[in-house]
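Numbering (this note's numbering), first residue to last: 15 to 122. What follows is a single structure, written as structure tokens, with notes after it.
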């Protein structure tokens, strides 16, 4: 009779990088892109995008000094859902203004 094989746990992620390393990666991203909004799944470094998302959501505990470093870099703390809502409302307001001026919503 065979014994069932034991399952070994696999780590789903690479070992956690230090805050300093992530900050360095974010500085490099900003140097190229001009902002700190790393898009989801950003191909050169998808784990950086995950880290940024976790920082925004508060899943990663940061010291006051680390928060200051991110603020100094220009870190965008606004969650994607809130940004989407704000930008959608801005565009909606622009459409309402267009309709008032031209009487329709057929924007060229």
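Glycine is no exception: its CB is placed at the ideal position from the N, C-alpha and C atoms.
Proximity of residue i and residue j at Cβ, strictly below 7 Å
i: residue 52; j: residue 42; result: no
i: residue 56; j: residue 36; result: no
i: residue 93; j: residue 108; result: no
For residue i, the three-state DSSP class (helix, strand or coil)
i: residue 49; result: coil
i: residue 90; result: coil
i: residue 120; result: coil
i: residue 32; result: coil
i: residue 56; result: coil
Residue i versus residue j: straight-line alpha-carbon distance, rounded
i: residue 40; j: residue 34; result: 10 Å
i: residue 68; j: residue 90; result: 13 Å
i: residue 117; j: residue 99; result: 26 Å
8 Å contact criterion, which residue i and residue j should meet: CB distance rounded
i: residue 114; j: residue 44; result: In fact, because the Cβ distance is near 39 Å, the residues do not count as touching under 8 Å.
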